[in-house]
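The structure appears right after this line, and notes come after that.
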Amino acid sequence: MTESMKKEMLLSRRHFVAGAGAAAVTLSVLKPETVFGATANSKLEIGMIGCGGRGRWIADLFQKHGGYQVVAAADYFQDRVDAFGEKFGVPADRRYTGLACYKRLLEGKLDAVVIESPPCFHPEQAAAAVAAGRHVFLAKPIAVDVPGCHSIEESGRKASENKLCFLVDFQSRATAFYQEAVQRVHNGDIGLIVSGDVEYHTGRLGIQAPPGDQEARLKNWVFDIALSGDIITEQNIHALDVCTWILDQAPLKAIGRGGRKGRTDVGDCWDHFSVIYTFPNDVLMTFSSKQFGEGHDDILCRVYGVDGTIHTHYGGEVSIKGKKPYEGGQTPDIYEKGAVTNIATFHDSIQKGDFGNPTVSPSVRSNLTTIVGRTAAYTGKEVTWDEVVKSTERLDPKLQGLKD
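Heads up, the sequence shown is in my numbering, so the first residue is 73 and it goes up one at a time.
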């Protein structure tokens, strides 16, 4: 398992096809060596929503950039927000707790928010931030259900209308080897696409608290379907996002299976999924994921064309083999470098007044793709994109008993 993978473990159809495809061509990559130490007219004041492990980790990267200052912090848990505040110099009166902590944070002076909370909260928190006139830097996945995905799409649209930046932090899309390889596929370098494989195989995540009350459940949100969206949405989206990016399409339908067998001691998330997606032009993509055990770990998307094959491994090799080969290279530090590049792009977009927000549509498409696969596996039936994206079903986080 690569260090990138270890860090990741720890811490209507035409509309989406056209919108995501158009957005993809506008994404840009900054050279990693130029990212830190960037100058700016003034530092952007940011508030962190979600002060757990990844929140602290990414706040360090924002600080190292040099163009940001963390001035406020919000988390349900007092000990987490205090530890975060002490580390980043956030005064006690700008540390907020409880389920409504983000609302109180948004009442203060801020330029932008960084949302690193459990995914079930992302749509509401992002919408509130945009309504308050704040730029948004959002962790994946954007949502846990279809209504949440539509909410994020609407927030992205409103952000653009109101001259606000809204960036979704996918590291693969911010990595030069991925961008070049995918562009070559779009240029026809592997010929007619026939099929492919997508994998997200890792060991289990660490339990953050002994299973018990509601607060323990919140700490263990990665094991809870309603809080995380299940592993296919919360983690496996990395691989499925690359799949939809390469194909530049959303799937037409899916059929799948899965369950809980290798990791059953906490929560209700499944620990494995197997899904077959059918894309336009009869392109079949087989998807497999696991979150238990040892012996095989990889996050990959491999697409087969009649003239070549694109190989992408998160934290590993990205290349094309065939009639028009692309040597590409290794991506051992993609988890950090991708985030660093996104942080720089976010700052650059705000400074330049670039409010196109090209990451939103592709992120909605890939998030919905995970939900199509999840629905197929849960029901054991073939489901179509068109029927799933019309769903009004919300995953109930059942937050009763938690403080506001």
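The beta-carbon is built from N, C-alpha and C at its ideal position, and this holds for glycine as well.
Bear in mind the structure is a predicted one, so any value in this text is a computation, not a measurement.
Distance between beta carbons of Val162 and Ile265, contact taken as under 8 Å: Contact flag wrong, Cβ pair sits at about 49 Å.
Is the region 137-152 touching the region 167-182, taking contact as three or more C-beta pairs under 8 Å? The answer is yes - the region 167-182 touches the region 137-152, with three or more Cβ pairs under 8 Å.
Alpha-carbon to alpha-carbon, Thr384 and Ile318: 10 Å
Residue range of the unbroken alpha helix (DSSP H) whose run includes Gln363: Here Gln363 belongs to no alpha helix (DSSP H); instead the beta strand (DSSP E) covers Val355 to Gln363.
If Ala39 and Val208 are in contact, beta carbons under 8 Å, what's the gap, nearest whole angstrom? Outside the shown range of the chain, which is 73 to 476, sits residue 39, and nothing can be said about it.
Beta strand (DSSP E) segment containing Val270, residue limits: Ile265 to Thr274
According to DSSP, is His194 part of a helix, a strand, or is it coil? Helix, per DSSP.
Which two residues bound the contiguous beta strand (DSSP E) that contains Phe427? From DSSP, Phe427 is part of no beta strand (DSSP E); its letter is neither H nor E.
Under the rule that 16 or more other beta-carbon atoms within 10 Å means buried, what is His368, buried or exposed? exposed
Do three or more CB pairs link the region 252-263 to the region 341-358 at distances below 8 Å? no
Rounded C-alpha distance that separates Ala204 from Tyr398: 45 Å
What separation, rounded to the nearest whole angstrom, lies between the Cα atoms of Lys424 and Gly334? 49 Å
At the level of alpha carbons, what is the spacing between Ala199 and Cys192? 13 Å
Grouping DSSP H, G and I as helix and E and B as strand, with all else coil, what is Val101? Residue confidence is low: Val101 scores 44 on pLDDT, short of 50, so the model does not pin down where it sits. Its coordinate-derived value is still stated next. Coil.
Where Glu179 falls: helix, strand or coil (DSSP): coil
Would the beta-carbon of Ile422 fall within 8 Å of that of Leu116? yes
Spell out a yes or no on whether the region 391-406 and the region 303-318 are touching, meaning 3 or more CB-CB pairs, one atom from each, closer than 8 Å. no
For Val412, count neighbouring Cβ atoms within 10 angstroms of its own Cβ and tell me buried if that reaches 16, exposed if not. buried
Relative to the C-alpha of Gln321, which candidate in Val270, Pro434, Arg166 and Ile214 has its C-alpha closest? The option with the nearest alpha carbon to Gln321 is Pro434.
Can the beta-carbon of Thr169 be found less than 8 Å from the beta-carbon of Gln150? Contact: yes.
With three or more C-beta pairs closer than 8 Å as the rule, is the region 233-251 touching the region 450-462? Contact between the region 450-462 and the region 233-251 is absent, because fewer than three Cβ pairs lie under 8 Å.
When DSSP labels each residue in this structure, what does Phe345 get in the three-state scheme? strand
In angstroms, rounded to a whole number, what distance separates the CA positions of Thr442 and Thr336? Rounded to the nearest angstrom, the two C-alpha atoms are 22 Å apart.
Report buried or exposed for Val270, applying the criterion of at least 16 other Cβ atoms within 10 angstroms of its Cβ. Per the 10 Å Cβ criterion, buried.
Express the C-alpha separation of Ser360 and Gln251 in angstroms, rounding to a whole number. 24 Å
So, helix, strand or coil for Thr111, using DSSP? Residue confidence for Thr111 is low, a pLDDT of 41 falling below 50, so the modelled location carries little weight; the figure read from the coordinates is stated next. Note: Thr111 maps to coil in three-state DSSP.
Would you check if the distance between the CB atom of Val240 and the CB atom of Val432 is smaller than 8 Å? yes
Run of the alpha helix (DSSP H) containing Arg126, from where it starts to where it stops: For Arg126, the enclosing alpha helix (DSSP H) has its first and last residue at Gly125 to His137.
Burial state of Glu225, where buried means 16 or more other Cβ atoms lie within 10 Å: buried
Who are the Cβ neighbours of Cys221 in its own chain at under 7 Å, not counting the five residues just before and after it? Non-local C-beta neighbours of Cys221 in its own chain, meaning closer than 7 Å and more than five positions away in sequence, comprise Ile214, Ala215, Val436, Asn439 and Leu440, ordered along the chain.
Which residue's Cα is closest to the Cα of Arg229: Lys475, Asn429 and Gly452? Asn429
My output table needs one value for His207: the three-state DSSP class, helix, strand or coil. strand
Between which two residues does the beta strand (DSSP E) holding Leu116 run? Unbroken beta strand (DSSP E) run through Leu116: Leu116 to Ile121.
Suppose you measure from the CA of Phe345 to the CA of Val444; what does that come to, to the nearest Å? C-alpha separation (whole angstroms): 12 Å.
Asp478 versus Asp296, Gly138, Ile118 and Val257, residue with shortest Cα-Cα distance: Nothing in the structure corresponds to residue 478, since the chain is present only between 73 and 476.
When the Cα of Glu408 is compared with those of Arg276, Met120, Leu133 and Ile348, which residue comes out closest? Leu133
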